[in-house]
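What follows is a single structure, written as structure tokens, with notes after it.
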């Protein structure tokens with residue numbers, strides 16, 4: 164079992180770094196600058212006039228002509244520009260569309276302007292709402308209006324990059340509120356007159372849209388607390404709203420990380436009819452090389468008590484390879500509704516103590532040969548990294564799930580990471596625990612073809628996101644990717660999604676019975692045009708056992724993110740219980756030009772004997788090895804020279820501790836690895 168390394172010096176863990184690797188790369192890695200943070204630009208003020216879009220809307224193909232679930236796409240709100248939806252240039256604002264299953268409500272939150280608000284200012288905030296599960300909508304309800312004009316092109320209280328949720332204390336619309344939180348341009352964390360530094364926040368009564376508090380609630384950077392652009396946001400039905408930001412001082416024009424996270428925790432106050440926030444700092448030191456954390460995110464279980472804050476970063480305390488930069492998840496946990504938080508805990512994804520589903524399964528033998536020149540590295544010598552975008556969720560058992568793209572790390576280039584992610588070398592993973600954060604597994608949802616797209620002054624990655632079922636017993640992971648026949652980068656994306664049941668390890672099939680993710684937008688109006696697609700944190704269960712996932716995406720004007728944008732809503736994409744049909748835990752490592760066919764063990768899961776059928780094309784030496792999820796060998800059996808034909812191998816589960824294992828069948832020419840579960 165893999166143990167998590169605690170980031171506390173008292174444990175006496177030293178830094179484990181491999182010497183400079185002896186292996187060399189066959190292909191050049193891509194690079195992404197993440198350590199040398201630059202000031203995030205403020206979107207330029209542009210003319211609000213509406214012009215026609217050059218994005219060609221696809222003709223929706225009738226369902227009878229296609230064996231796919233073609234979704235319905237409708238127009239909802241509009242914005243002055245698309246910057247509020249972008250995640251690469253700042254981002255990880257993932258709370259833009261929200262579903263409240265108990266009320267059958269869906270909300271979309273955004274800045275003002277666009278076709279529905281032609282005189283509106285991009286610093287205002289509005290929301291769209293459906294009271295019938297996304298079928299019909301009331302759009303462009305203003306809940307925050309910037310009024311503090313400093314005389315320049317921006318108002319001091321101009322809202323940017325919002326997050327939102329629905330506070331639902333009683334299960335009645337009359338008592339429910341839209342809660343929102345965003346940075347503004349008060350300039351208190353900037354070297355200019357206007358710029359970053361302030362926060363704006365508030366609520367809006369769903370039964371009385373004129374009852375809103377946002378214009379009265381503002382906070383400015385102060386003392387040693389520097390406010391910037393918070394990524395992480397969640398709100399619970401118990402009345403907690405929580406926001407997490409990096410404490411970075413930008414007043415000199417370049418960012419200086421202060422060694423802490425800025426956490427705003429708000430609780431509903433009946434007297435104020437508002438969420439009242441308290442701001443605290445949580446210490447988190449990193450090395451100078453890695454600087455501030457890359458992304459932050461936060462999520463709570465349905466009970467509102469167990470929650471996690473998580474970042475992507477690297478403090479130099481975990482296993483690594485010299486010359487390779489990498490980032491990985493680090494989390495804090497609470498079990499008392501956010502009153503107290505535990506110490507930061509790193510998840511060792513690679514190396515000798517890495518997660519078996521990554522170390523043993525993420526790359527096939529052929530892909531390792533594609534990346535490296537001989538002599539090839541052993542699997543436990545390959546460094547891996549996240550791609551700088553992730554989201555978390557908490558299941559019904561209080562266990563953390565982390566959605567993100569993981570790939571092999573390449574040689575660093577200055578203040579960057581090198582990586583191998585495109586052409587199926589990177590996987591979209593659910594990295595999760597089943598024991599509260601001690602043991603970790605990796606479940607693959609799909610592979611990445613294109614990782615980044617360019618839209619004018621913006622870029623956008625795969626935008627991995629997690630949606631849970633209303634009871635949080637199912638996990639749905641979504642991301643964006645582009646068919647290489649359509650574009651050379653990820654600029655013409657579709658939304659992909661796959662479901663996972665952590666209690667049974669079952670995953671969803673595609674609608675045409677393929678072991679893989681489902682293309683949500685296939686042949687719909689969003690086909691190859693699902694720009695900046697975002698998913699709700701929670702699905703709706705409109706009928707028993709059928710989970711509808713709310714999505715929004717953006718249609719750009721003239722393909723320019725600085726011009727007015729139309730928000731699109733996908734209202735009818737769903738999975739049912741019957742779609743969970745494939746046993747997961749990592750993908751198989753396929754043998755290259757194998758002379759053997761190796762079956763999945765059966766039965767699986769099992770507690771007694773389980774059997775593997777091996778079909779040899781020609782006579783060969785034959786052996787069987789079984790490894791734990793951490794890569795420890797627990798069984799080896801040599802069969803010696805075996806004649807061609809069919810041979811049955813037996814594994815006795817009574818000798819194994821219940822859990823997840825990998826078994827490898829080795830012949831004289833190949834290795835084939837599968838997974839199995841011992842009950």
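Residue numbers (this note's numbering): 164 to 842. Here a beta-carbon is modelled for each residue, glycine too, at the ideal position from N, C-alpha and C.
C-alpha distance - residue i paired with residue j, whole-angstrom precision
{"i": "residue 509", "j": "residue 436", "result": "39 Å"}
{"i": "residue 809", "j": "residue 775", "result": "10 Å"}
{"i": "residue 823", "j": "residue 287", "result": "51 Å"}
{"i": "residue 481", "j": "residue 310", "result": "48 Å"}
{"i": "residue 838", "j": "residue 551", "result": "28 Å"}
{"i": "residue 284", "j": "residue 790", "result": "59 Å"}
{"i": "residue 476", "j": "residue 515", "result": "20 Å"}
{"i": "residue 298", "j": "residue 734", "result": "7 Å"}
{"i": "residue 777", "j": "residue 505", "result": "48 Å"}
{"i": "residue 581", "j": "residue 190", "result": "11 Å"}
{"i": "residue 629", "j": "residue 554", "result": "6 Å"}
{"i": "residue 804", "j": "residue 831", "result": "9 Å"}
{"i": "residue 446", "j": "residue 424", "result": "6 Å"}
{"i": "residue 326", "j": "residue 760", "result": "51 Å"}
{"i": "residue 222", "j": "residue 731", "result": "Note on residue 222: pLDDT 42, under 50, position unreliable in the model; the coordinate value appears next. Looking at the two C-alpha atoms, the distance is approximately 15 Å."}
{"i": "residue 811", "j": "residue 607", "result": "29 Å"}
{"i": "residue 585", "j": "residue 726", "result": "30 Å"}
{"i": "residue 339", "j": "residue 821", "result": "45 Å"}
{"i": "residue 413", "j": "residue 352", "result": "5 Å"}
{"i": "residue 835", "j": "residue 256", "result": "41 Å"}
{"i": "residue 273", "j": "residue 384", "result": "24 Å"}
{"i": "residue 750", "j": "residue 520", "result": "Here residue 750 scores only 41 on pLDDT, less than 50, and its place in the model should not be relied on; the value that follows carries that caveat. Near 8 Å, if we compare the C-alpha coordinates of residue 520 and residue 750."}
{"i": "residue 779", "j": "residue 488", "result": "42 Å"}
{"i": "residue 380", "j": "residue 406", "result": "15 Å"}
{"i": "residue 511", "j": "residue 598", "result": "16 Å"}
{"i": "residue 344", "j": "residue 375", "result": "13 Å"}
{"i": "residue 578", "j": "residue 196", "result": "6 Å"}
{"i": "residue 723", "j": "residue 666", "result": "44 Å"}
{"i": "residue 670", "j": "residue 382", "result": "44 Å"}
{"i": "residue 367", "j": "residue 441", "result": "20 Å"}
Residue interval of the beta strand (DSSP E) (run including residue i)
{"i": "residue 346", "result": "340 to 347"}
{"i": "residue 140", "result": "Coverage of the chain is limited to positions 164 through 842, which leaves residue 140 absent and any answer about it impossible."}
{"i": "residue 836", "result": "834 to 841"}
{"i": "residue 621", "result": "621 to 623"}
{"i": "residue 791", "result": "783 to 791"}
{"i": "residue 240", "result": "236 to 242"}
{"i": "residue 272", "result": "268 to 274"}
{"i": "residue 678", "result": "It is not in any beta strand (DSSP E) - residue 678 carries neither H nor E in the DSSP assignment."}
{"i": "residue 809", "result": "808 to 815"}
{"i": "residue 582", "result": "579 to 583"}
{"i": "residue 256", "result": "No beta strand (DSSP E) contains residue 256, which DSSP labels as neither H nor E."}
{"i": "residue 261", "result": "260 to 263"}
Supposed close pair residue i, residue j - CB separation, criterion 8 Å
{"i": "residue 369", "j": "residue 467", "result": "With a Cβ gap of about 20 Å, residue 369 and residue 467 do not count as contacting."}
{"i": "residue 260", "j": "residue 699", "result": "5 Å"}
{"i": "residue 561", "j": "residue 464", "result": "5 Å"}
{"i": "residue 336", "j": "residue 296", "result": "Wrong, their Cβ atoms sit about 13 Å apart, outside the cutoff."}
{"i": "residue 494", "j": "residue 592", "result": "Actually they do not touch by this definition, with Cβ atoms about 15 Å apart."}
{"i": "residue 682", "j": "residue 657", "result": "5 Å"}
{"i": "residue 518", "j": "residue 604", "result": "7 Å"}
Selection from the options that minimises the alpha carbon distance to residue i
{"i": "residue 206", "options": "241, 607, 248", "result": "248"}
{"i": "residue 304", "options": "324, 353, 322, 239", "result": "239"}
{"i": "residue 276", "options": "237, 346, 322", "result": "322"}
{"i": "residue 490", "options": "452, 499, 519", "result": "452"}
{"i": "residue 645", "options": "690, 634, 638, 619", "result": "690"}
{"i": "residue 418", "options": "457, 301, 739, 618", "result": "457"}
{"i": "residue 377", "options": "397, 306, 444", "result": "306"}
{"i": "residue 798", "options": "807, 813, 784", "result": "813"}
{"i": "residue 704", "options": "721, 693, 736, 664", "result": "736"}
{"i": "residue 397", "options": "443, 427, 266", "result": "427"}
{"i": "residue 507", "options": "833, 541, 471", "result": "471"}
{"i": "residue 596", "options": "492, 348, 242", "result": "492"}
{"i": "residue 478", "options": "434, 461, 497, 450", "result": "450"}
{"i": "residue 258", "options": "292, 324, 282", "result": "324"}
{"i": "residue 684", "options": "235, 192, 186", "result": "235"}
8 Å Cβ cutoff, residue i in contact with chain B
{"i": "residue 474", "result": "Of the chains in the structure shown, none is chain B; there is only one protein chain."}
Runs of 3 residues minimum, wholly inside the stretch 706 to 750: which ones carry the beta strand (DSSP E) assignment?
709 to 711, 714 to 720, 723 to 733, 737 to 739, 743 to 746
Segments assigned beta strand (DSSP E), at least 3 residues, entirely inside the stretch 374 to 425:
381 to 383, 395 to 398, 403 to 412
In chain order, what are the residue ranges of uninterrupted beta strand (DSSP E) at least 3 long that sit wholly in the stretch 497 to 576?
547 to 557, 563 to 573
Would you mind listing the alpha helix (DSSP H) stretches within the stretch 273 to 325 that are 4+ residues and don't spill past its ends, in chain order?
none
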